[in-house]
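Contents: one structure, followed by commentary.
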Amino acid sequence: MQIDPFINRCIRETLSGLRDGLTLFSGHSRTALIFSRGPEDKLYICDPQNLMRGYEPILKSIYFSNKSWCTSIDDASKCRPYNHIEDQENLQLDGLISYGGSSSPVYYQMWFTEHHPNMWSVSPTECWLEHAVLRFSHDMANDSNLYTGISGSFLREYAGHAVRDCIVDRAGVKLGIDVQIRIYPVLDAILGISKTNEEGKRPYGTLTFVEPRSLSDLHYLAQFDTSDQPLLTYFKHVRKLLQTVEHSNRTLISDGVSIVGIAKKPIDPFHITADFQGKLGFLSVDNKKVCSFQDGSYSSDTHRAKLFEMEEALLDFPLESATRVDLFKIVAALVHNAEDKMFGCTFVVDLADQPTPIAGQSLTLPIDLRQPNKLDLAGGLSKVDGALHISADLHLHGFACLLDGPQVQNEDRARGARYNSALRFTAQHKDVIVVVVSSDRPVSIFLHGEEIINRYSNASIATCILGATPLDEWIDNSD
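Take any residue in the sequence shown, note its place counting from 1, add 58, and you have its number in the numbering used here.
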């Protein structure tokens, strides 16, 4: 069966828009689709960026070793409109997020994207894929003359809708269908407040949204008169009030329309919380993080370095397993401390047999970083200009260290002094790993005069150019 050019166009544009939107939300992302138009039709795959390569054996097992891959659609459903979607079982493939469904226009479809390791939650992405199922079903239900091409464009801009859908789903589980808070105005207000400065400073503190019927269950520290409650849409006023809950166990309380008072955390009834932390913030539902927000948009990013490159670099050295684990934990704790407090710093992880001489503030006795109070002290010392010198013995040997060395060819003048100093220093000292944290949170790791690039973040190709291929042929071509 030859795929109609119209179907290929629908798939191509939908995959492209989906990929672009998820890339903005979660970082470089790839997308793929497996589908069948009818119960007697072949299964097809469209995988323009080789997202599914490596999964051929399990796909063969799922789709060709048995016939249970698609839950049968009852006869009544066949006559229902395109937007009646029956969910299909998630394939639960490691490293992937998937969502599938069946409808009258499309017997079976399963959409895939990458499960990034630094995501707060997969729920918004699953909602995104769920909407892709609906859009494709809608496009297939229409004649090509009625095709508007809007599906890809809509999915490209779906971030706010995906977050909203995720919150509505969680609220529905907890409260049923009678949810009074309107989610879109809440999400718009959070972004508006996050961009509002007060005396030149970005907001800190938490704003908690509670269902109106649950407001009486809270333990207030202060309540505002009903006639004098600041409206949520008055971003400047709300921003001023946030100063009352900065760096505390207090939170502003809103019913989704206005600010009703100040209460002590934790909050027991179902709630949505925006935690403002300066340039960025985090959105949670019932204390479970959903996403982050920054620069007027939502993202799945945790904004905490996973340090995969550090793990890989440590494997290149003959260390005992326990030492390698402890070193990684120490560096991770120091990096996350710098990220959370938003300051730049440098860590030299010296794995030479004898500590490398480095100009800086030396210590009479090295500090054992396995002790929590000493590790906390090291976090404070890392604020001082210069690098921390950490040796393979898990001790801090110095701070405010200066990293010098002759010029190297791969210097990047667009980056700061820490970055280029790390390049020079590691080019001269082969048994040293240098970790650089920028004040705006990016983390760079250096070894042998090169920055270790996260292989996971390689950019995807610019366009989806391939059409659908029969799944059995695609699997056979992998050999």
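The beta-carbon is built from N, C-alpha and C at its ideal position, and this holds for glycine as well.
query                                                                                                 : result
Closest by C-alpha distance to Val389, when choosing among Cys403, Glu378, Pro376                     : Cys403
Delimiting residues of the alpha helix (DSSP H) encompassing Met168                                   : Careful: Met168 lies outside any alpha helix (DSSP H), inside the beta strand (DSSP E) at 166-172.
Buried or exposed (CB count within 10 angstroms, at least 16 for buried), Ala410                      : exposed
CB contact flag (Tyr165, Arg271, <8 Å)                                                                : no
Coarse secondary structure for Leu109, derived from DSSP in three states                              : coil
Candidates Pro415, Asn345, Leu454, Ser274: closest to His487 by CA position                           : Pro415
Cβ pair count under 8 Å reaching 3, the region 429-444 against the region 354-372                     : no
Rounded straight-line distance, which links the Cα of Val493 to that of Val406                        : 7 Å
Contacting residues, own chain, Cβ-Cβ under 8 Å from Ala371 (five flanking each side not counted)     : Ile491, Ile503, Leu505, Ile510
For Ser449, three-class secondary structure by DSSP                                                   : strand
Under the three-state DSSP convention, the category Thr291 falls into                                 : coil
Cβ separation of Leu109 and Ile248, assumed to be a contact under 8 Å, to the nearest whole Å         : Actually they do not touch by this definition, with Cβ atoms about 32 Å apart.
Alpha-carbon to alpha-carbon, Ser449 and Leu421                                                       : 13 Å
Backbone CA spacing between Pro182 and Arg228 [nearest angstrom]                                      : 11 Å
Assigned exposure category for Glu397 - 16 Cβ within 10 Å defines buried                              : buried
Contained beta strand (DSSP E) runs [length at least 3] in the region 305-329, N- to C-terminal order : 308-312, 317-322
Simplified DSSP state of Phe194, which is helix, strand or coil                                       : helix
Cβ neighbours of Leu80 in the same chain (closer than 6 Å, five flanking residues each side left out) : Ser87, Thr171
Beta carbon of Arg482 nearer than 8 Å to that of Gln465                                               : yes
Simplified DSSP assignment, three categories, for Leu189                                              : It is worth fixing the name first, because residue 189 is His in this sequence and not Leu. Three-state DSSP puts His189 in a helix.
Supposed close pair His189, Val180 - CB separation, criterion 8 Å                                     : Actually they are not in contact, since the Cβ atoms of His189 and Val180 sit about 15 Å apart, beyond 8 Å.
DSSP beta-bridge partners of Tyr157                                                                   : Trp169
Alpha-carbon spacing of Gly250 relative to Gly354, whole angstroms                                    : 7 Å
Alpha helix (DSSP H) runs wholly inside the region 232-279, at least 4 long, in chain order           : 241-252
Per-residue burial, Ile533 [other beta carbons within 10 Å of its own, 16 or more giving buried]      : buried
Candidates Val226, Cys224, Leu300, of which the one nearest Glu256 by Cα                              : Leu300
Assumed close pair Ile143, Val191 - CB separation to whole angstroms, cut-off 8 Å                     : 6 Å
Proximity below 8 Å, CB of Leu385 to CB of Ser440                                                     : no
C-beta contact flag for Gly314 and Val244 at 8 Å                                                      : yes
Backbone secondary structure at Glu508 - three-state DSSP                                             : strand
Distance between Phe366 and Gln467 (C-alpha atoms, nearest Å)                                         : 26 Å
Bridge partners - Phe93, DSSP secondary structure assignment                                          : Tyr102, Gln167
Rounded separation between Pro500 and Ser358 - CA only                                                : 16 Å
Cα-Cα separation between Gly158 and Glu147, rounded to whole angstroms                                : 7 Å
N-terminal and C-terminal residue of the beta strand (DSSP E) that Val125 is part of                  : For the sequence presented, residue 125 should be read as Lys rather than Val. Unbroken run through Lys125: none, as it is neither H nor E.
Enclosing beta strand (DSSP E) for Leu338 [first to last residue]                                     : 338-343
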